[in-house]
Amino acid sequence: MQKTISLSLVMGLLVAATAWGGEATYRKDIKPIFDAKCAGCHGVDAAPEYYAFKAEKEKWLAKGQGMRMDTYSHLVFYTAWPDTGALMRRLDDGKNSKDAKPGNMYRHLGATEEERQRNLAVFKAWVGVWNLKRWPDITKEELNAITVTY
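According to the working numbering, numbering within the sequence shown proceeds without interruption in unit steps and concludes at 156.
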């Protein structure tokens, strides 16, 4: 119980710190996390573009590689449209899903639960409205609430 309260307090402070420090942006907040935690499998030297990945998905997965996501425009593709909500579904800690299972990339957000939660809070602040819906199930209002500031 105490650990849950402590973790909740830390998360609240992190979200508040992000708010006090200004709006979360790709350049200031997301890119450093991406470079440290994601680029090894999703960077320009490691991953194919979306359609090349889809064409040979099993080959890339066998290599432990995903789709390229190392630029702002790539992340918008997986957040807002056309692959709406993909980033959120993969990074989610399970608290927003029906089955309460974390997304398959959540574990890569950090070495500890505290680090994962801290980095997830930054991604959530950047996205604006954390929504796991896919296109076309997302409403226009929900789509417009995604901020993803450069």
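Backbone N, C-alpha and C fix where the C-beta goes; we use that ideal spot for every residue, glycine too.
Can you find the residues in the same chain that come closer than 7 Å, C-beta to C-beta, to residue i, ignoring five residues on each side of it along the sequence?
{"i": "S12", "result": "The predicted position of S12 is uncertain, since its pLDDT is 45 and thus under 50; a value taken from the coordinates is nonetheless stated next. So no residue of the chain qualifies."}
{"i": "E29", "result": "T155"}
Note down, in chain order, each residue of its chain lying with its Cβ closer than 8 Å to the Cβ of residue i, except the 5 sequence neighbours on either side.
{"i": "A106", "result": "G100"}
{"i": "E148", "result": "V135, N137 and K139"}
{"i": "K43", "result": "H114, L115, G116 and N125"}
{"i": "I39", "result": "L115, N125, V128 and F129"}
{"i": "T31", "result": "W132, T155 and Y156"}
{"i": "R112", "result": "According to the sequence provided, residue 112 is Tyr. The question's Arg does not apply to it. Result list for Y112: R96, L97, D98, D99, G100, R122 and L126, in chain order."}
What are the start and end residues of the alpha helix (DSSP H) that includes residue i?
{"i": "R95", "result": "A92 to L97"}
{"i": "S103", "result": "Counting along the chain, S103 falls outside any alpha helix (DSSP H), and DSSP gives it neither H nor E."}
{"i": "D41", "result": "K37 to K43"}
{"i": "N2", "result": "Residue 2 falls outside the range modelled here, since the chain spans only 7 to 156, and no answer is possible."}
{"i": "Y226", "result": "Residue 226 lies beyond the range of the chain shown here (7 to 156); nothing can be said about it."}
{"i": "K146", "result": "K146 to N150"}
{"i": "L81", "result": "Y78 to T85"}
Please return the same chain residues whose Cβ sits closer than 6 Å to the Cβ of residue i, not counting the five positions on each side in sequence.
{"i": "C47", "result": "Q71 and G72"}
{"i": "N150", "result": "none"}
Out of the options, which one is the CA nearest neighbour of residue i?
{"i": "I144", "options": "R96, T90, S103 and M111", "result": "T90"}
{"i": "H80", "options": "A53, Y112, E62 and N102", "result": "A53"}
{"i": "R33", "options": "Y78, A68 and W66", "result": "Y78"}
{"i": "A68", "options": "F59, M75 and E121", "result": "F59"}
{"i": "N110", "options": "T118, K146, E121 and D98", "result": "D98"}
{"i": "D76", "options": "Y56, E62 and T153", "result": "Y56"}
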